[in-house]
Structure formats: C-alpha cells, structure tokens
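Take a look at the structure:
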C-alpha cells in the first residue's frame with residue numbers, strides 16, 4: 001500500500017516471470033489500464049484442496065480491486081473468510097499466424113493479482129465501489145439509474161483485493177518464425193480482435209418514448225480501446 | 230468416460246449449482262458448443278496452497294480437452310504431475326442494463342471443468358491434439374502451415390483433461406427489474422457483444438505475392454457465432 005506513488009509494483013516470488021521474462025511487466029499504469037479495459041475477471045480460490053475458477057465483473061479504484069455479488073454467493077462467502085485469491089484478467093488482442101504450426105501464438109495482455117480479500121463494511125465505501133463497477137463497465141450509466149437502496153446495499157457483498165502483488169504479461173506484434181521458414185509461401189501475420197457492441201435491444205417493457213442513451217448507442221465507439229476480455 | 234453417448238454430464242457435488250440453479254446446465258451439446266466457440270480458457274491450480282489462474286488456448290476432441298505449451302512451462306509441468314485442475318471458459322454475450330443499479334447484469338455462457346490432467350505421450354495423439362488446437366482457433370489454417378517436426382513435438386507438452394465433471398452456466402435475455410421500477414423513465418435493455426476481427430496485418434517479412442487466405446480475411450464472418458471469450 002506504500003507503493004501508491006511508485007511507478008511499478010515490486011516483483012515477488014509469486015509474480016516474477018521465470019520464462020519469457022521480456023513479456024512481463026510490473027508497471028502500475030499498464031496494469032491499471034488492462035484492468036480498466038477488460039470487463040470480466042477470473043477469480044481463483046481453493047475449497048477443500050480443489051481449485052475453483054469463476055468469472056465475474058469487477059471494479060477498480062486506485063490500487064484497490066473490488067468484487068461484488070449476493071451475500072448468498074458461495075464464492076464471495078469463501079473469499080470473505082480471508083483465504084488466498086488469484087484474480088486474472090485477460091484481453092485477447094488477436095491471433096498470431098506463423099508459417100509453422102509451432103510458432104502460432106496469440107497477442108494478449110493479462111494481469112494476475114495475488115492476495116486476500118476483505119469485506120467492505122462501510123456503507124460509503126460500498127457505494128463508491130458499486131459506482132466504480134458501474135462506471136468501469138459502462139461509463140455514464142450510473143447517473144441514469146435508480147441507486148441502490150439501503151436494503152440492496154445490505155444484500156450485496158463487496159470485497160476488496162489490494163493491488164500489491166500484481167503483474168502483467170503481454171505479447172504483441174507479428175509472428176517469430178524459424179529463419180528457414182521465412183522462405184515458405186505461407187501467409188503469416190496478425191489477425192487483430194476488437195470488442196464490438198451490436199445495436200442495443202430495448203427491454204420489452206420499456207416505457208414509450210424512452211430513448212437509447214448515447215453511452216449505450218456508441219459503446220463500441222466510445223470504448224474503441226476496449227478489447228475482448 | 231462411460232457417458233460418451235448420454236446427452237448430459239451428471240451433476241456432482243462440485244458442479245451442482247446451489248444458487249440460481251435455473252442458470253445451470255449439464256447438457257453435453259451445450260457444453261461442447263461453448264468450448265468450441267471460446268478461444269481462451271482460464272486454468273486454475275494450486276501451488277503450495279496458493280491458487281493460480283492462467284489464461285491459455287485449448288482444443289477439444291470429443292469429451293477430451295487439450296492444453297499445450299512448452300515443456301519449460303511451470304503451469305504445464307505442475308499440471309502434468311496430476312494435481313487437481315479447474316478449467317473455466319467464459320463467453321461474454323453482452324451487458325444487461327436494468328432500471329436499477331442493483332439489477333444490472335451480464336449475459337454470458339460459461340463452462341467449468343474439474344479434473345486432473347495427464348500427459349499425452351503418444352506422438353499420433355499429440356499431433357491430433359495440436360491439429361485440434363489449430364482448427365479450434367482458426368479453421369482451415371492447419372492445411373496451410375508447416376507441420377510440427379519431431380523435435381518440435383518433443384518440445385511441446387500436451388495435456389488432456391477429460392470432460393467428466395463439467396457444467397455450464399448461462400444468462401440471456403432482458404433485465405429483470407423490481408416491479409415498481411418498470412414505471413421509471415430509464416432506458417433498459419441489452420447491449421449485445423460480438424467478436425470482431427479487423428483486417429489481417431501481413432507479416433513485414435511476408436514473401437511477395439502471398440495473399441491473405443480466406444479463413445483469415447473472413448474470420449468474423451465465418452465465425453459469426455464466435456463471441457467474446
């Protein structure tokens with residue numbers, strides 16, 4: 001937590017990449033950017049020795065990652081007990097098509113966070129976290145919706161996972177083929193991927209005359225940087 | 230493995246959904262379809278008590294899931310030792326925008342597989358698995374590329390995870406709001422997402438006159454069903 005003003009997270013025994021270390025980064029700004037760009041994380045925890053990986057939404061405020069869900073959620077209740085957690089976020093930026101099957105790859109940016117979760121009990125922090133979720137996923141939405149009631153806030157479990165042991169891993173650019181293979185008349189290159197939002201589908205019970213808000217209409221445009229997560 | 234010809238996987242203590250059971254499915258065809266549509270899985274395993282979640286590509290043949298990578302990969306070597314693994318695949322189909330912050334959600338289809346991995350040692354099965362990877366990610370590519378040499382096959386670790394304890398979870402359709410909230414003049418509905426492949430980028434060292442193959446040019450069109458994973 002004392003690293004709020006440093007540019008990088010310190011690599012630890014867990015986060016230091018042994019293989020392909022050139023693909024690793026501990027740069028705070030990059031890690032924040034990947035977390036802000038993706039929409040879903042995969043949360044890993046251990047239950048009676050069994051690893052369990054569950055996809056879920058998340059939010060970020062500074063060096064704090066927030067998870068949330070129903071107080072009835074088994075995963076959240078397990079995490080709330082303070083067990084170790086691994087939160088992984090992956091942006092698939094494209095396919096890397098090499099001349100040889102062997103050198104095919106993917107371009108991606110991922111973040112792995114190790115830590116333990118703790119419960120957000122303070123109602124004000126809870127509301128701020130819920131707002132962070134909403135603004136993370138669809139900026140502008142929070143202003144429009146009915147805000148959570150006291151009862152709804154009570155029914156929601158919000159957990160924080162500090163960004164302390166965090167690392168990014170990335171690959172970009174064209175394939176790397178064996179020197180001899182560059183002679184082959186096989187097409188090689190990158191196939192870039194992008195998040196695409198189709199036209200919004202209005203709720204069948206929508207009140208007459210309510211227009212689709214701009215942030216939903218232009219989701220793909222506004223969030224051009226958003227990639228597949 | 231004896232369930233090859235049944236329509237569903239049997240729910241187990243691990244895969245039976247306690248909460249929101251209407252979102253769960255054990256239907257084999259649905260599980261296969263989700264696995265075939267997504268491109269990346271998140272593999273969870275435990276190392277000295279610490280859960281670790283790593284994104285990676287995968288392939289499927291029948292009721293067998295294949296993972297692969299370098300023989301130097303820490304994750305693959307850990308899994309090869311026969312420890313428990315959880316493989317999770319998530320397709321994010323869109324955002325669900327409700328009238329209340331509380332009822333916002335996501336439309337998704339996910340699969341969770343529990344099991345243990347074993348090493349594929351037989352060279353023929355290994356090659357079939359590598360071909361399954363390739364055809365899974367970009368159908369048509371395998372025919373064009375230089376196939377793996379004996380040395381490359383030796384350098385590649387291929388693991389199989391049987392689809393025995395597998396379950397799907399899904400949500401689709403419009404939001405569900407509190408009855409009173411349907412009166413609100415707040416836009417509500419779905420924002421559907423789709424995988425979009427931009428124009429292929431040829432390798433800077435591509436030989437003159439080699440054209441972009443159709444399967445790369447029309448990736449988004451051919452794989453219209455592919456969603457964000």
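Protein chains in written order, with the numbering used here: chain A, 1 to 229; chain B, 230 to 458. Glycine residues also receive a C-beta, built at the ideal position from the N, C-alpha and C atoms. Predicted model only: the values in this text are computed from it and were never measured.
Asked, Found
"8 Å Cβ cut-off: residues of chain A touching residue 359 of chain B", "101"
"is_contact[residue 159 of chain A, chain B] using C-beta, thresh 8 Å", "no"
"Short-range partners of chain A found in the stretch 264 to 293 of chain B, where Cβ spacing is below 8 Å", "268, 269, 271, 272, 273, 274, 275, 278, 279, 280, 281, 282, 283, 284 and 286"
"Cβ of residue 411 of chain B within 8 Å of any chain A Cβ", "yes"
"Beta-carbon spacing of residue 64 of chain A, residue 160 of chain A below 8 Å", "yes"
"Residues that residue 313 of chain B contacts on chain A, provided the C-beta gap is smaller than 9 Å", "49, 50 and 51"
"Beta-carbon spacing of residue 113 of chain A, residue 37 of chain A below 8 Å", "no"
"Given residue 306 of chain B as reference, the closest of B:445, B:274, B:352 and B:410 once Cα atoms are compared", "B:274"
"Where residue 418 of chain B meets chain A, residues with beta-carbon distance less than 7 Å", "200, 201, 202, 203 and 206"
"Stretch pair the stretch 435 to 450 of chain B + the stretch 169 to 189 of chain A: three plus CB contacts closer than 8 Å", "yes"
"Reduced DSSP category for residue 223 of chain A - H, G, I as helix; E, B as strand; rest coil", "Note on residue 223 of chain A: pLDDT 49, under 50, position unreliable in the model; no value is reported."
"For residue 279 of chain B, the first and last residue of its enclosing beta strand (DSSP E)", "279 to 285"
"Of the residues B:297, B:251 and B:280, the one placed nearest residue 382 of chain B, counting alpha carbons only", "B:297"
"Beta-carbon contacts of residue 26 of chain A that lie in its chain and below 6 Å, excluding the five residues immediately before and after", "8, 9, 11 and 167"
"Local conformation of residue 398 of chain B per DSSP, three classes", "strand"
"Where the alpha helix (DSSP H) containing residue 133 of chain A begins and where it ends", "123 to 137"
"Contacts around residue 403 of chain B, its chain only, beta-carbon distance under 8 Å, and the 5 residues preceding and following it disregarded", "325, 417, 418 and 419"
"Beta-carbon separation (whole angstroms), residue 401 of chain B vs residue 322 of chain B, contact threshold 8 Å", "7 Å"
"Residue 448 of chain B classed as buried or exposed, judged by whether at least 16 other C-beta atoms fall within 10 angstroms", "buried"
"Under 9 Å (Cβ pairs) to chain A, residues found in the stretch 361 to 374 of chain B", "362, 363, 366, 367, 370, 371, 373 and 374"
"Option in A:60, A:99, A:106 and A:32 with minimal Cα separation from residue 177 of chain A", "A:99"
"Bounding residues of the alpha helix (DSSP H) (the contiguous stretch that carries residue 309 of chain B)", "303 to 309"
"Contact between the stretch 421 to 429 of chain B and the stretch 366 to 379 of chain B (3+ Cβ pairs under 8 Å)", "no"
"DSSP state of residue 252 of chain B mapped onto helix, strand, coil", "helix"
"8 Å Cβ cutoff, residue 212 of chain A in contact with chain B", "yes"
"Where residue 104 of chain A falls, given that 16 or more other Cβ within 10 Å makes a residue buried", "buried"
"Reference residue 295 of chain B; option with closest CA among B:244, B:358 and B:353", "B:358"
"Cβ-Cβ separation, residue 19 of chain A to residue 303 of chain B (assumed contact under 8 Å), whole Å", "7 Å"
"Three-way DSSP call (helix, strand, coil) for residue 198 of chain A in this model", "coil"
"Between the CA atoms of residue 352 of chain B and residue 451 of chain B - distance to the nearest angstrom", "Reliability of the predicted coordinates at residue 451 of chain B is poor, the pLDDT of 47 falling under 50, and the value obtained from them is presented with this limitation in mind. If you take the alpha carbons of residue 451 of chain B and residue 352 of chain B, they lie about 31 Å apart."
"Bounding residues of the beta strand (DSSP E) (the contiguous stretch that carries residue 215 of chain A)", "Unbroken run through residue 215 of chain A is the alpha helix (DSSP H), 214 to 217; no beta strand (DSSP E)."
"Buried or exposed (CB count within 10 angstroms, at least 16 for buried), residue 200 of chain A", "buried"
"Closest by C-alpha distance to residue 29 of chain A, when choosing among A:53, A:49, A:60 and A:13", "A:60"
"Contact set between residue 88 of chain A and chain B, taken where Cβ atoms lie within less than 8 Å", "271, 282, 283 and 284"
"Residue 186 of chain A: contacting residues in chain B (beta-carbon distance under 8 Å)", "373, 374, 375 and 439"
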